[in-house]
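**Student:** So in the UniProt record's numbering, the last spot in the sequence shown is 412, and the numbers never skip.
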Amino acid sequence: MVSSRPAWLLARSERPQTQTNLNKPNEKDAETVINADASPSQNGHSDEKRVEVTYPEGGLQAWTTVFAIWLIQFSTFGYTNAYGVFNDYYVRIYMEGKYSSSTVSWIGSMQLWLVMSSGIISGRLYDLGYFYHLLIGGSIIFVFSLFMLSLAQPGEFYQIFLAQGVGAGLGIGLIYVPGIAVVSQYFYRRRTLAMAVVASGSGVGAALQSIMLNKLFQRLGFHTTVRISAAFNAGLLCIGILLSRTRLAPNPPKDSNLLRHMKVFFREPQYVAVVLGTFFNLMGLFFPTFFLQLNANQKKIMSESLAFYLLPVMNASTVIGRVIIPMMVPVLGIFNIVTPSVFICVILIFCELAVTSAGGYFVVAVLYGVFWGAYVGMFAPMVGSLAKTDSEIGARMGICFTFNSQCNPFSV
């Protein structure tokens, strides 16, 4: 069922309203699934009841929500993926040579750590029905932190670390998991594709925001550029929140104890393998996002104006990996695509260290963007595919992302 009421009027206890003809998808596309609604019991095992859930697999409201979350991904995780521009600017200009690149990268590492680790909180709150609270609260924290960042003075590491690393990271973290998870309320058979489309928002956002930041830093300086960026992202977040809709009434497990959920989830070998695998993957795969532009400038094998386009090209290429490659999931399977994508990314990271020409850097940027995008685009669907019912998708994603985040402060 689709609720047509505005986000701020949808009470937690409200049941979904009847679909209008405008929002109703083609009945041939609808997918009915019998879920095993599992709730962890006192002994750590799950008590199951069978629940019939119908997924519209499309319709106006479904794709409007996909677009809304795409905008939110554009302005939040897209901003995170554009951090390489800040890292280059801080090391070479704004920190006045006081700090090394490894020290400055702690700003981006802390931001990324909070984005991922906040999932253990935001995932459970999403399952309990606090979707709009998380979106609005996280957006306020994120935008406020960007305006505070615009007040940071040159060479003052702690000011930038607190505003961009801690504040912006926490705000994005509250938004990230709920935004990805809500798409699963509309899709089952097409879930991987829908989530991949949503994830492409961060790739497009990172590409365009990288260009915007590089150009404005040169023309307007740090303070004005960050304020413009904050206002721009605030506008996109407002549109995204107004357009987004939840479809199902909150139906959390009877026992919402997080430790019991973890006990049940970590008895599943496949879930454990995914958590451990993604943990080790993420220890190195963000390296080009942080250092590609900086390394190119430090090697002086191309002009600064040309090096500015490395991150936009890489992030734009992720859209191919996020949208096109997931279309092969029904044929090959999600794990059979994720695994080779990771291996290719690792090879390309070593290639980047040996590149000595501008053309070589752009080849690495394009190829890495494609396969990095494939991995990131299928990360959330891969974790969500292990859920037995929609009521535990947020918890599974949140726990996995939180464990993964522990590698972020030390990986870049």
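For each residue, glycine too, the CB sits at the ideal point set by N, CA and C. None of the values given here were measured: they were computed from a predicted structure.
May I have the straight-line CA-CA distance separating THR224 from SER150, to the nearest angstrom?
**Tutor:** 7 Å
**Student:** Run the CB neighbour count on LEU353, radius 10 Å, all protein chains shown included, and call it buried at 16 or more, exposed below.
**Tutor:** With a 10 Å radius around the Cβ and a threshold of 16 neighbouring Cβ atoms, LEU353 comes out exposed.
**Student:** Note down the Cα distance separating LYS388 from ASP127, rounded to an integer number of angstroms.
**Tutor:** 14 Å
**Student:** Output yes or no for whether 8 Å exceeds the beta carbon distance between VAL104 and MET95.
**Tutor:** yes
**Student:** Count the other C-beta atoms from every protein chain shown that fall within 10 angstroms of the C-beta of residue 414, then say buried if there are 16 or more, exposed otherwise.
**Tutor:** With the chain covering only 1 through 412, there is no way to say anything about residue 414.
**Student:** How should THR402 be labelled, buried or exposed, when 16 other C-beta atoms within 10 angstroms of its C-beta is the threshold for buried?
**Tutor:** Classification for THR402: buried.
**Student:** For THR54, which three-state DSSP category applies?
**Tutor:** strand
**Student:** Under a three-way DSSP split, which group does LYS388 fall into?
**Tutor:** Under the three-state reduction of DSSP output, LYS388 falls in the coil class, being neither helix nor strand.
**Student:** Looking at ALA206 and ASN315, is the spacing between their C-beta atoms short of 8 Å?
**Tutor:** yes
**Student:** Measure how close the beta-carbons of ASN233 and LEU146 come, nearest whole angstrom, since I'm counting them as under 8 Å.
**Tutor:** 7 Å
**Student:** Where do the N-terminal and C-terminal ends of the alpha helix (DSSP H) with PHE187 fall, by residue?
**Tutor:** It is not in any alpha helix (DSSP H) - PHE187 carries neither H nor E in the DSSP assignment.
**Student:** In whole angstroms, what is the alpha-carbon distance linking ALA231 and LEU237?
**Tutor:** 10 Å
**Student:** Give the DSSP-derived three-state secondary structure of ALA206 in the structure shown.
**Tutor:** helix
**Student:** Roughly how many angstroms lie between the CA atoms of GLY349 and THR278, to the nearest whole one?
**Tutor:** Here residue 349 is Ile; the residue named in the question, Gly, does not match the sequence. Straight-line measurement puts the Cα of THR278 at about 17 Å from the Cα of ILE349.
**Student:** Put THR103 into one of helix, strand or coil per three-state DSSP.
**Tutor:** Here THR103 sits in helix by DSSP.
**Student:** Tell me the DSSP secondary structure of TYR89 in three-state form.
**Tutor:** In the structure shown, TYR89 falls within a helical segment according to DSSP collapsed to helix, strand and coil.
**Student:** Three-state secondary structure (DSSP) at ILE301?
**Tutor:** coil
**Student:** Mind checking VAL364: buried by the 16 CB within 10 Å criterion, or exposed?
**Tutor:** With 16 or more Cβ atoms within 10 Å of its Cβ, VAL364 is classed as buried.
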